[in-house]
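Chemist: In the UniProt record's numbering, the protein residues as written are 1 to 184. For each residue, glycine too, the CB sits at the ideal point set by N, CA and C.
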Amino acid sequence: MSKASDTRLPKTVDPYRLAEHDTVLEGDVPLSALSRFRNAVMGFEDDAVCRVKLSFYLDGERRRTVSGELEAPVSLQCQRCMESMGTVLTSSFLLGLVTSDGQARQLPKELEPFLMDEFNADLWLMVEDELLLALPSYPVHDRSECPAKEELEAYEPDGSSEGSEEGTADNPFSVLAGLKKTKH
Ligand SMILES: [Zn+2]
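(1) What does Ala104 pair with, by DSSP beta-bridge criteria?
(2) Of the choices Asp59, His141, Val88, Thr23, whose alpha-carbon is the least far from that of Gln77?
(3) Going by alpha carbons, who is nearest to Lys11 out of Phe93, Gln103, Glu128?
(4) Determine which residues share a DSSP beta bridge with Asp122 and list them.
(5) Measure the Cβ-Cβ separation of Leu89 and Ala72 and say whether it is below 8 Å.
(6) Beta-carbon distances below 5 Å to any heavy atom of ligand 1 define the shell here; list its residues in chain order, please.
(7) Specify whether the stretch 24-33 and the stretch 133-148 touch according to this definition: at least 3 beta carbon pairs, one from each stretch, less than 8 Å apart.
(8) Residue range of the alpha helix (DSSP H) that Arg64 falls in?
(9) Does the separation of the CB atoms of Cys146 and Cys50 fall below 8 Å?
(10) With a threshold of 6 Å on Cβ separation, who are the neighbours of Pro108 within its own chain once the five nearest residues in sequence on each side are excluded?
(11) Go through the stretch 18-59 residue by residue and report every complete run of the alpha helix (DSSP H) that reaches 4 residues or more, in order.
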């Protein structure tokens with residue numbers, strides 16, 4: 001097992017060698033270096049970084065595989081009030097390293113293809129792609145923190161839609177409890 005880098009994630013690596021040696025790389029990528037990502041978000045601190053952990057290995061079929069996790073603090077635009085909202089993007093992903101579209105098509109569906117040239121993978125590009133995929137399509141503040149909440153309450157006076165997955169309305173036990181009560 002190779003030693004992990006201390007801070008910066010290396011930009012380009014020979015991923016075949018890393019996969020042969022079961023290498024784990026851990027490090028940071030400065031968000032300011034990722035121009036597509038910078039254009040896709042409202043902003044971030046000047047020195048903000050994406051923390052990344054990448055594990056390179058050969059899978060059971062000897063496919064060169066990368067399992068990764070990332071985390072990055074950013075500001076997105078709340079789609080309810082259009083103000084800035086701070087959040088931490090997180091993602092985990094499983095990539096198959098390929099050098100052609102043909103190889104990409106042969107990957108099983110649990111592996112997302114990452115196209116590279118024969119001896120180099122650009123890890124920062126990989127991180128940027130995954131960050132873009134991790135962006136929520138409809139970011140909104142928590143209801144209680146959203147400056148637009150007063151307008152919202154006008155539309156939804158009971159305010160009951162938050163946390164509805166945990167709601168008690170269709171919980172069979174609460175129905176039973178209700179039945180018991182009516183007997184008294
Ligand atoms: Zn908001």
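Modeler: The answer reads as follows:
(1) Bridge partners of Ala104: none, in fact.
(2) Relative to Gln77, the option among Asp59, His141, Val88, Thr23 whose CA is nearest is His141.
(3) Checked all of Phe93, Gln103, Glu128; the closest Cα to Lys11 is Glu128.
(4) Looking at the DSSP assignment, Asp122 forms a beta bridge with Thr12.
(5) Result yes, Cβ atoms of Leu89 and Ala72 sit closer than 8 Å.
(6) Cys78, Arg80, Cys81, His141, Cys146
(7) no
(8) First-last for Arg64: 64-77, but that is the beta strand (DSSP E), not the alpha helix (DSSP H).
(9) Going by C-beta atoms, Cys146 is not nearer than 8 Å to Cys50.
(10) Here the set comprises nothing.
(11) 35-40
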